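Following: one structure in structure tokens, then a few remarks.
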Amino acid sequence: MESSAAASDEPQKKRPHLNSVFSSPTMARHLKTSSDNKDVDAAVLQHQNQKLVQQLDAQKHKLHDLEAKMKELRDKQASYDDFLVTLNRIWNQLDDDLIILGVHSMADQISLQSLDHQDYSGGSIPSCPAEEIFLCRVLKTNAIPGNANDVSIVNIREALDLRHSSTLQLMKSLENAIDAQRIKTENLAHLLEGKTSAEDGIIILSKIDDMMKEEANYLRQVIDVLHLKHKAYADAIEACNQRQSADQSELKRLEGELEESMTELEDSRRKLVTLKMQKDVACGGQETISSAVNGSMSPEKHTDRTKGVRELKESIEEAKILKEDRLSELHDAQEDNLHLSKQLQELQNELKDDRYVHSSRAYTLCNDQLHHWNSEAERYKALADSLQADRSFIGRREKELVLKAEAVDAAKKAVDNSESRIEELEHRMHRYIIEKNELEIKMEEAIQDSGRKDIKEEFQIMGSALSKEIGMMEAQLNRWKETAQEAVSLRKERRSLETSLERKVIEHKDLIGKCAHQTGEIRTLKEL
0 MESSAAASDE PQKKRPHLNS VFSSPTMARH LKTSSDNKDV DAAVLQHQNQ
50 KLVQQLDAQK HKLHDLEAKM KELRDKQASY DDFLVTLNRI WNQLDDDLII
100 LGVHSMADQI SLQSLDHQDY SGGSIPSCPA EEIFLCRVLK TNAIPGNAND
150 VSIVNIREAL DLRHSSTLQL MKSLENAIDA QRIKTENLAH LLEGKTSAED
200 GIIILSKIDD MMKEEANYLR QVIDVLHLKH KAYADAIEAC NQRQSADQSE
250 LKRLEGELEE SMTELEDSRR KLVTLKMQKD VACGGQETIS SAVNGSMSPE
300 KHTDRTKGVR ELKESIEEAK ILKEDRLSEL HDAQEDNLHL SKQLQELQNE
350 LKDDRYVHSS RAYTLCNDQL HHWNSEAERY KALADSLQAD RSFIGRREKE
400 LVLKAEAVDA AKKAVDNSES RIEELEHRMH RYIIEKNELE IKMEEAIQDS
450 GRKDIKEEFQ IMGSALSKEI GMMEAQLNRW KETAQEAVSL RKERRSLETS
500 LERKVIEHKD LIGKCAHQTG EIRTLKEL
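Residue numbers (numbering that gives the first Met the number 0): 0 to 527.
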């Protein structure tokens, strides 16, 4: 727009010079009419220029709003990508842990197949749009159908359900393996705890031998799978080396082409500058001559010239932008190549050692697990023998405590019976003493009231009988006193027995605690 305004103003600037050169009346009249037409054209152009400026401002405002919205969407996309990257990393770690635990716990063939067919292509880029790359990695797919939003959501849910079901299947297989190992260990512990004969011992040892053989076969399968994975990794690294060499050669070729393009672009720019200068000089001379001959300047030629210059400038700017884009692409390619070369160097350093497989984490874990189970089997044998001896000792102690408790209960019952009997005799003796006193009072009254002999004799007989009965009661009371003394001694003995019983109960509880602790250790070892 500024160039068009300059082109429209350029004839106005050259008019004084032309008027000074050509001063004839006819030329002056011709110049006057042409100047009026050009004033009208300039006003129209200025009005159109103002409209275009207003439209350009409105478009600039819209462009700024769109840039702000694009920035906001980029920020949301970046946070969403970070969340998906974290989710994918945690989910992959969960799957890896479940597979390793399943292999350690001798799960079914699911864990072994998962270890064999596990997809470690984390560095491959799915064939999907850039904004869906991380979602494709989470869903473990190469593309998401985008025919409609509902269809895309259904596909995403199906992919998530599929991956979720695979993870749940790994967890279920791990639980089943742990339960199976626990049942085997409990059966073995029950067999070891019971009284075993020589034949039973041979059977138990054969079962242990079969279990160890089964575990050794399973570990052999795991090691074979690890060897296959190692071979696949070696082939992948070799292919990566070949691709890197091809990429380096292609990069060198592109660098050469870029340098040639840059030199050609520089030569074209220099030629363009020289041609522009020559054209400006030629156009300036031709305009001066044509103005001197015709008496006016051609605005159409000047406009064509400005358009040509503008197009050349735009082409130069486009060439510069293209150059910057190529340079940025070259820089990114160099950074990616450097990153890949570092990864390749690390993998080569890991694979240089011939005993890498034997020193790998999975192999050492399997080997340590084999030695661990051998030592655990030996320790279980010793522990079962010690528990068998402790069991017999605890059984004898328990029987002794039961017998002593029964004796204490019998003594308690005898003491309770003797106490109740003593109380009953005391009541009876007290009643007899009261009756004796009443009879003595009656006898004295009878002696005082009548002196009949028969009454005296009767009272004497009753008194003698009563005295005899009192003597018998006193003798019986003495016997019961002796019984009470024996009951007191029995109480003392009961107390001593109760203290010893409490002490034995405490010892029994301690033994029970030790047994529970040893049982807990056995269960933890079974769980391992």
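Heads up, the beta-carbon is just placed ideally off N, CA and C, and yes, glycines get one too.
Treat the numbers as computed from the prediction; the structure is a model and nothing was measured.
Separation of residue j from residue i, as counted between CA atoms
i, j, result
"D509", "E377", "27 Å"
"T166", "N87", "13 Å"
"D209", "E526", "19 Å"
"K94", "Q368", "Note that residue 94 corresponds to Asp in the displayed sequence, not to Lys. Spanning the two alpha carbons is a distance of roughly 21 Å."
"R162", "R181", "29 Å"
"E157", "S164", "10 Å"
"V102", "D324", "51 Å"
"K603", "E71", "Missing from the structure shown is residue 603; the chain here goes from 0 to 527 and no further."
"E528", "L187", "With the chain running from 0 to 527 in the structure shown, residue 528 is simply not present."
"E192", "L173", "28 Å"
"L364", "R396", "45 Å"
"S466", "K398", "54 Å"
"L204", "R494", "51 Å"
"W90", "S374", "35 Å"
"E254", "Q247", "10 Å"
"E237", "E249", "18 Å"
"L337", "A235", "18 Å"
"L55", "E316", "20 Å"
"R73", "Y79", "10 Å"
"I222", "N216", "10 Å"
"K511", "T184", "The sequence shown places Ile at residue 511, rather than the Lys named in the question. Whole-angstrom Cα-Cα distance: 22 Å."
"E486", "A406", "In the sequence under discussion, the amino acid at residue 486 is Ala, which differs from the Glu named in the question. Answer to the nearest angstrom: the Cα atoms are 14 Å apart."
Spatially closest choice to residue i from the options, by CA coordinates
i, options, result
"I469", "L339, E425, A77 and R162", "E425"
"S534", "R325, R268, L55 and I440", "Since the displayed the chain opens at 0 and closes at 527, residue 534 lies outside it and no answer follows."
"E437", "L337, G462 and W372", "G462"
"E256", "V401, T184, D96 and L329", "L329"
"E497", "D408, D64 and L476", "D408"
"R502", "D246, K412 and L400", "L400"
"M276", "V308, S260, R219 and E258", "V308"
"H370", "L100, E198, N175 and M211", "M211"
"A176", "I207, Q484 and L100", "L100"
"Q333", "K251, H46 and E258", "K251"
"E506", "R522, R430, E66 and F392", "F392"
"T305", "D331, K278 and E316", "K278"
"E423", "V43, V221 and A483", "A483"
"E418", "E481, I202 and I460", "E481"
Beta-carbon contacts of residue i that lie in its chain and below 7 Å, excluding the five residues immediately before and after
i, result
"C531", "The requested residue 531 is not part of the displayed model; the chain covers only 0 to 527."
"R420", "W479"
"A464", "none"
Assumed close pair residue i, residue j - CB separation to whole angstroms, cut-off 8 Å
i, j, result
"L500", "K403", "6 Å"
"L311", "L271", "6 Å"
"L169", "L97", "4 Å"
"L476", "M428", "6 Å"
"S340", "Q243", "7 Å"
"Y431", "M472", "6 Å"
Cut-off 6 Å between Cβ atoms - residues of its own chain near residue i, not counting five sequence neighbours on either side
i, result
"D40", "none"
"R28", "Low confidence applies here, because R28 scores a pLDDT of 47, under 50, leaving its location unreliable; read the following figure in that light. So the list is empty, once near-sequence residues are dropped."
"A318", "L264"
Cut-off 8 Å between Cβ atoms - residues of its own chain near residue i, not counting five sequence neighbours on either side
i, result
"E198", "none"
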